[in-house]
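Numbering (the numbering used here), first residue to last: 26 to 362. For every residue, glycine included, the Cβ atom is placed at its ideal position computed from N, Cα and C.
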Ligand SMILES: [Fe+2]
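As structure tokens, this is what we get:
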């Protein structure tokens, strides 16, 4: 096994799991875009980036984040989407190189965002490059995907990573949307597979004990955290499933700001936490570049009780490095259970 993956293996028998949550780095690489690649919805995104948005993201912060993740050394890292800006094949290749510097695929999970599916693309030129980061420890894929005929990344989801007593469930809300719209959709097929995943988890838990369930996706599942044109269109169906089967924590991105909400589910009142863009240059504390570190402690003789501690690493524009956020900027995050 790769030495860098040793902490992942250690998590299986440990009483604490540390999970880093990174979101929305928007690693744009537009220099090599061909006219043919831009003759669609991308043309607006291209000019908007050139005229306005490029100043709001600094790629050097993505380098600082790699250094900070290495120094903090979490057991696992989840990235909740918008790793690219226009979903260009060159951006997927560039993102792949960044991911390789961030860590080995065994320690990283991805849930794609709307910018990663800006327009329809060929799977082989885009998401296939991230396949190792969308792996699953249990298989809930469609039969066609199982047969090696993957044509859409959505057929790979939901994914599940079993990290000791923690189950990390990934969903994809990444799908192309019309002009001026940044909605997301899980889709009925993926939601059906999510139901099956929860039934399998419940079966597993009867044999091996409880798992701390974390659900990750790009779009916030709750209403009101983003505008109507940026919403998760089938968020209501997802919430119904999550309430019924239960989870302990929900992580998302997309809003480009630190947000906190909660969802009452059948097993816990789950904090719903949104991370800001990892490369944001905004000075405002809620919108400035940051990532979260979740420490999940397993307690009790039967290892069936959990406690959650949340910490925030904020980027300092002048020092050009991350450090622990002051209490006032860290939010009112409280233990989930
Ligand atoms: Fe987004």
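inquiry  = Can you check which of these residues, 80, 43 and 87, is closest to residue 52 by C-alpha distance?
reply    = Position 27 of the chain shown, counted from the first residue, corresponds to residue 52. In terms of Cα proximity to residue 52, the closest of 80, 43 and 87 is 87.
inquiry  = Below 8 Å, how does it come out for the segment 334 to 349 and the segment 77 to 91: are there three or more Cβ pairs, yes or no?
reply    = yes
key: Counterpart residues of residue 204 in DSSP-defined beta bridges   = Counted from its first residue, the chain shown places residue 204 at position 179. Partner(s): none; residue 204 has no beta bridge.
query = With respect to 8 Å, is the separation between the Cβ of residue 106 and the closest non-hydrogen atom of ligand 1 below this value?
reply = Counting from 1 along the chain shown, the entry for residue 106 is found at position 81. Answer for residue 106: yes, Cβ within range of ligand 1.
message = So for residue 142, helix, strand or coil by DSSP?
response = Reading the chain shown from its first residue, position 117 is the one you call residue 142. Residue 142: helix per DSSP, three-state reduction.
request  = Apply the 10 Å Cβ neighbour rule to residue 34 and answer buried if 16 or more other Cβ atoms are within range, or exposed otherwise.
outcome  = Counting from 1 along the chain shown, the entry for residue 34 is found at position 9. For residue 34, the predicted model reports a pLDDT of 41, less than 50, meaning its position is unreliable and no value from the coordinates is stated.
ask   = Using 8 Å as the threshold, is the segment 125 to 133 in touch with the segment 61 to 73, meaning 3 or more CB pairs across them?
value = no
inquiry  = Between the alpha carbons of residue 262 and residue 343, how many angstroms are there, rounded?
reply    = Position 237 of the chain shown holds residue 262. Position 318 of the chain shown holds residue 343. For residue 262 and residue 343, the distance between alpha carbons rounds to 44 Å.
key: Complete runs of the beta strand (DSSP E) confined to the segment 248 to 288 [at least 3 residues]   = List check, beta strand (DSSP E) in window: 274 to 277.
inquiry  = Does residue 85 pass the burial test, meaning 16 or more other C-beta atoms within 10 Å, or should it be called exposed?
reply    = Mapped onto the chain shown, residue 85 falls at position 60. Exposed, by the Cβ-count rule.
request  = Go ahead and pull the three-state DSSP assignment for residue 361.
outcome  = Taking the chain shown and counting its residues from 1, one reaches residue 361 at position 336. Low confidence applies to residue 361: its pLDDT is 38, below 50, so where it sits in the model is not reliable, and the reading given next is rough at best. Of the three classes helix, strand and coil, the one that applies to residue 361 here is coil, per DSSP.
query = Are the beta-carbon atoms of residue 163 and residue 187 separated by less than 9 Å?
reply = As a working note, residue 163 is residue 138 in the chain shown. As a working note, residue 187 is residue 162 in the chain shown. A contact, by the Cβ cut-off of 9 Å.
query = Since residue 250 and residue 299 are thought to touch, with beta carbons under 8 Å apart, how far apart are those beta carbons, to the nearest angstrom?
reply = For the purposes of this step, residue 250 is taken as residue 225 along the chain shown, with counting starting at 1. For the purposes of this step, residue 299 is taken as residue 274 along the chain shown, with counting starting at 1. Contact flag correct, Cβ pair sits at about 6 Å.
request  = Check residue 194 in the structure and name its three-state DSSP category.
outcome  = Here residue 194 is taken as the residue at index 169 of the chain shown, counted from 1. Residue 194 falls in the strand class under three-state DSSP.
key: Beta bridge counterpart(s) of residue 340 as assigned by DSSP   = Looking up residue 340 in the chain shown gives position 315. Assignment of beta-bridge partners to residue 340 by DSSP yields 347.
task = Name the two residues that bound the continuous alpha helix (DSSP H) containing residue 137.
result = Numbered from 1 along the chain shown, position 112 holds the residue referred to as residue 137. Here residue 137 belongs to no alpha helix (DSSP H), and DSSP marks it neither H nor E.
query = Can residue 239 and residue 194 be called in contact, C-beta distance under 9 Å?
reply = By one-based count along the chain shown, residue 239 stands at place 214. By one-based count along the chain shown, residue 194 stands at place 169. Yes. Within cutoff.
task = Let me know the secondary structure DSSP gives residue 233 once reduced to three states.
result = Position 208 of the chain shown, counting from 1, holds the residue named residue 233. Helix.
ask   = Hey, would you say the C-beta of residue 344 is under 8 Å away from at least one heavy atom of ligand 1?
value = Looking up residue 344 in the chain shown gives position 319. Flag unset: Cβ of residue 344 not near ligand 1.
request  = Have a look at 231, 202, 65 and 260 and flag the residue whose alpha-carbon is nearest the alpha-carbon of residue 242.
outcome  = Residue numbering aside, residue 242 sits at position 217 when the chain shown is read from its first letter. The option with the nearest alpha carbon to residue 242 is 260.
query = CB-CB under 8 Å to residue 268, same chain, minus the five flanking residues each way: which ones, in chain order?
reply = For the purposes of this step, residue 268 is taken as the residue at position 243 of the chain shown. Cβ neighbours of residue 268 beyond the five flanking positions: 288, 289, 290 and 291.
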